[in-house]
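Step one of this worksheet: look at the structure below.
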Amino acid sequence: AQSVTQLGSHVSVSEGALVLLRCNYSSSVPPYLFWYVQYPNQGLQLLLKYTTGATLVKGINGFEAEFKKSETSFHLTKPSAHMSDAAEYFCAVSDHNTDKLIFGTGTRLQVFP
Amino acid sequence: GAGVSQSPSNKVTEKGKDVELRCDPISGHTALYWYRQSLGQGLEFLIYFQGNSAPDKSGLPSDRFSAERTGGSVSTLTIQRTQQEDSAVYLCASSLAPGGPETQYFGPGTRLLVL
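Protein chains in written order, with this note's numbering: chain C, 3 to 115; chain Y, 522 to 636.
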């Protein structure tokens, strides 16, 4: 069975600091991996996804994530946090046949001025 | 173009009543998903529709929950005899044919409160 673990339910950074949100997965097949962001009272928006090929994936708003098979990780990073990055971030793995998403428990990012 | 829309945006109901939640997917998207987001359970898959195939109902938490998709477009999630633990945000998503994997586009959700 596939699963996702997000370490740290809350992460706080200062504006301009590095953002690192951790995600580890468990999958018996090569995984499809996703990061979604949820702003307050809104639905989920795709930040980036990994399917095959290049292991460093670039997404919207300056975010990127690196697929590391040896570490079963797909951590999300952004070099310099902005106040507008404050939101909840979800890592997910998808079923290959149906694409249904299995989500981690989410990480709430706070950005302080 | 228009995104995924859901109605109502908020619903307050009394325990024991039935509720219907509606999802309008993006035009041309053949796959439709329902998820539930609650404090205790996080984001969890409920049900999946793809074209005319039988839906994948493996995530429905009880037989009080059902869903249908008419004409391959609009979907309705019905919860019968609501319980307080059904209080959650119900999210709908749609995508092009699965297996790509295709990006799922989410609606804003319906916030359900069962008193």
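For each residue, glycine too, the CB sits at the ideal point set by N, CA and C. Because the structure is a prediction, the values reported are computed rather than measured.
Practice problem: Could you confirm whether any beta carbon from chain Y is found closer than 8 angstroms to the beta carbon of C/Lys51? | Solution: Sequence index remark: in the first sequence, residue 51 of chain C carries index 49 (1-based). By this cut-off, C/Lys51 is an interface position.
Tell me the residue span of the beta strand (DSSP E) that contains C/Lys51.
For the purposes of this step, residue 51 of chain C is taken as residue 49 along the first sequence, with counting starting at 1. Where C/Lys51 is concerned, the enclosing beta strand (DSSP E) stretches over Leu46 to Tyr52.
Quick check on C/Pro32: buried or exposed, where buried means 16 or more other Cβ atoms within 10 Å of its Cβ? Translated into the one-based positions of the first sequence, residue 32 of chain C becomes position 30. Flag for C/Pro32 reads exposed.
- Query: If you draw a straight line from the alpha carbon of Y/Ser587 to that of Y/Leu581, how long is it in whole angstroms?
  - Reply: Residue 587 of chain Y sits at position 66 when you count from the first residue of the second sequence. Residue 581 of chain Y sits at position 60 when you count from the first residue of the second sequence. Each residue's alpha carbon lies about 8 angstroms from the other.
(Q) Taking 8 angstroms as the threshold (beta carbon to beta carbon), is Y/Asp545 in contact with chain C? (A) The residue labelled residue 545 of chain Y in the question sits at position 24 within the second sequence. By this cut-off, Y/Asp545 is not an interface position.
(Q) Could you tell me the alpha carbon to alpha carbon distance between C/Ala107 and Y/Val610, rounded to whole angstroms? (A) Residue numbering aside, residue 107 of chain C sits at position 105 when the first sequence is read from its first letter. Residue numbering aside, residue 610 of chain Y sits at position 89 when the second sequence is read from its first letter. The question names Ala, but residue 107 of chain C is Thr in the sequence shown. Those two C-alpha atoms are separated by around 15 angstroms.
Starting from Y/Glu589 and walking both ways along the beta strand (DSSP E), at which residues does that stretch end? Along the second sequence, one-based indexing puts residue 589 of chain Y at 68. Run containing Y/Glu589: Phe586 to Arg590, per the beta strand (DSSP E) assignment.
**OP:** Would you mind giving the Cβ-Cβ distance between C/Leu46 and Y/Leu612, rounded to the nearest angstrom? I have them listed as a contact below 8 angstroms.
**Re:** Position 44 of the first sequence, counting from 1, holds the residue named residue 46 of chain C. Position 91 of the second sequence, counting from 1, holds the residue named residue 612 of chain Y. Between Y/Leu612 and C/Leu46 the Cβ distance is about 7 angstroms, and since that is below 8 angstroms, they are a contact.
- prompt: In chain order, what residues of the stretch 545-566 of chain Y put their CB closer than 8 angstroms to some CB of chain C?
  reply: Ala552, Tyr554, Tyr556, Gly563, Leu564, Glu565 and Phe566
| request: With distances taken Cα to Cα, identify the nearest neighbour of Y/Leu636 among Y/Gly549, Y/Pro529 and Y/Thr534. | output: Looking up residue 636 of chain Y in the second sequence gives position 115. The shortest C-alpha separation from Y/Leu636 is found at Y/Thr534.
If you draw a straight line from the alpha carbon of Y/Thr597 to that of C/Leu111, how long is it in whole angstroms?
Against the second sequence, residue 597 of chain Y aligns to sequence position 76. Against the first sequence, residue 111 of chain C aligns to sequence position 109. Rounded to the nearest angstrom, the two C-alpha atoms are 33 angstroms apart.
Q) In this structure, what does DSSP give as the bridge partners for C/Phe114? A) Residue 114 of chain C sits at position 112 when you count from the first residue of the first sequence. DSSP lists C/Ser16 as partners of C/Phe114.
Exercise. So, are the CB atoms of Y/Val525 and Y/Ala614 less than 8 angstroms apart?
Worked result: On the second sequence, residue 525 of chain Y is found 4 positions in, with the first residue counted as 1. On the second sequence, residue 614 of chain Y is found 93 positions in, with the first residue counted as 1. Yes. Within cutoff.
Quiz prompt | Minimum length 3: unbroken beta strand (DSSP E) runs contained in the stretch 543-626 of chain Y | solution = 552-559, 563-571, 586-590, 596-600 and 609-616
> How would you label Y/Arg557, buried or exposed, when you count the other beta carbons within 10 angstroms and need 16 or more for buried?
Replying inline: The count along the second sequence starts at 1 and reaches residue 557 of chain Y at position 36. Buried is the call here.
* Asked: Taking DSSP as the reference, what is the three-state secondary structure of Y/Ser526?
  -> On the second sequence, residue 526 of chain Y is found 5 positions in, with the first residue counted as 1. Looking at Y/Ser526 - three-state DSSP - the assignment turns out to be strand.
Taking only beta-carbon atoms, is C/Lys116 less than 8 angstroms away from chain Y?
The structure shown does not extend to residue 116 of chain C, since chain C is modelled only from 3 to 115, so the question has no answer here.
Next on the checklist: Could you compute how far the alpha carbon of Y/Gly592 sits from the alpha carbon of C/Leu50?
Outcome noted: Counting from 1 along the second sequence, the entry for residue 592 of chain Y is found at position 71. Counting from 1 along the first sequence, the entry for residue 50 of chain C is found at position 48. C-alpha separation (whole angstroms): 31 angstroms.
Relative to the C-alpha of Y/Thr550, which residue among Y/Ser579, Y/Tyr626, Y/Leu634 and Y/Leu633 is closest?
Within the second sequence, numbered from 1, the residue matching residue 550 of chain Y stands at position 29. According to the sequence displayed, residue 550 of chain Y carries His and not Thr. When each option's Cα is compared against that of Y/His550, the closest is Y/Tyr626.
* What residues in its chain sit with their C-beta under 7 angstroms from that of C/Glu68, if we drop five residues either side in the sequence? -> In the first sequence, the residue the question calls residue 68 of chain C occupies position 66. Cβ within range, chain order: Thr57, Leu58 and His77.
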